[in-house]
Amino acid sequence: MPKGQEKTSLPHSKLQAASLRALAALRPLVEQLRQSDAVVAEQLMRAATHVALEIFSAERWAPRSPRPHLLASLTATSEAMTLLRLMVDSRHCTWDVARPTYLELSATYLELMKRVAPKRRSRVKRDGRGRAA
Numbered sequence: 037m038p039k040g041q042e043k044t045s046l047p048h049s050k051l052q053a054a055s056l057r058a059l060a061a062l063r064p065l066v067e068q069l070r071q072s073d074a075v076v077a078e079q080l081m082r083a084a085t086h087v088a089l090e091i092f093s094a095e096r097w098a099p100r101s102p103r104p105h106l107l108a109s110l111t112a113t114s115e116a117m118t119l120l121r122l123m124v125d126s127r128h129c130t131w132d133v134a135r136p137t138y139l140e141l142s143a144t145y146l147e148l149m150k151r152v153a154p155k156r157r158s159r160v161k162r163d164g165r166g167r168a169a
């Protein structure tokens, strides 16, 4: 590490890392879109940034009750994915260009779903062989 440069970032959770990867994948797409439609590019960047901000807010500033932030992030992720699909449909970009970003947003969405709606355990009592007692 160069002199005078300190490490200030904290280790990221899986969810934070997924949102950062989605933002990184989005950057080249937004740069390309700015040439054809700056408004659409700005909407997409704003939606993805909202996803990351809500995730970081949930884990850093609201550790006791992160659910509202995670739900807002889930909604923003869904909106960003929908916006990407609409951009492909309206021929603002091709699917080949949008696909990496869409896949990263999908991964973020799945991580969010794991946090917001964890698997529920069955209330049926089972015997030793896995059958209902």
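Take the position in the sequence shown, starting the count at 1, then add 36; the result is the number in my numbering. Yeah, the Cβ is synthetic: ideal placement off N, Cα and C, and Gly gets one too.
Do L141 and A53 have their C-beta atoms closer together than 8 angstroms?
Taking the sequence shown and counting its residues from 1, the one referred to as residue 141 is at position 105. Taking the sequence shown and counting its residues from 1, the one referred to as residue 53 is at position 17. No, Cβ-Cβ distance for L141 and A53 is not below 8 angstroms.
Using beta-carbon positions only, say whether V152 and L80 come within less than 8 angstroms of one another.
As a first step, residue 152 must be located in the sequence shown, where it is residue number 116. As a first step, residue 80 must be located in the sequence shown, where it is residue number 44. Not in contact: V152 and L80 (Cβ atoms no closer than 8 angstroms).
Label L146 either buried or exposed according to how many other C-beta atoms from any shown protein chain fall within 10 Å of its C-beta, with 16 as the threshold for buried.
Working through the sequence shown from its first residue, we reach residue 146 at position 110. Exposed.
As assigned by DSSP and simplified to three states, the class of S114:
Taking the sequence shown and counting its residues from 1, one reaches residue 114 at position 78. In the structure shown, S114 sits in a helix (DSSP, three-state: H, G or I).
Helix, strand or coil, according to DSSP, for H105 in the structure here?
As a position in the sequence shown, residue 105 is number 69, starting the count at 1. Of the three classes helix, strand and coil, the one that applies to H105 here is helix, per DSSP.
K56 and C129 closer than 8 angstroms at C-beta:
Taking the first residue of the sequence shown as position 1, residue 56 is located at position 20. Taking the first residue of the sequence shown as position 1, residue 129 is located at position 93. A quick correction: the sequence has Leu, not Lys, at residue 56. It is not a contact, given that the beta carbons lie outside the stated cut-off.
Give a yes or no on whether the C-beta atoms belonging to L62 and A88 are separated by under 8 angstroms.
Position 26 of the sequence shown, counted from the start, is the residue given in the question as residue 62. Position 52 of the sequence shown, counted from the start, is the residue given in the question as residue 88. The answer is no: Cβ separation not under 8 angstroms.
Where does H86 sit, in a helix, a strand or coil, going by DSSP?
Taking the sequence shown and counting its residues from 1, the one referred to as residue 86 is at position 50. In the structure shown, H86 sits in a helix (DSSP, three-state: H, G or I).
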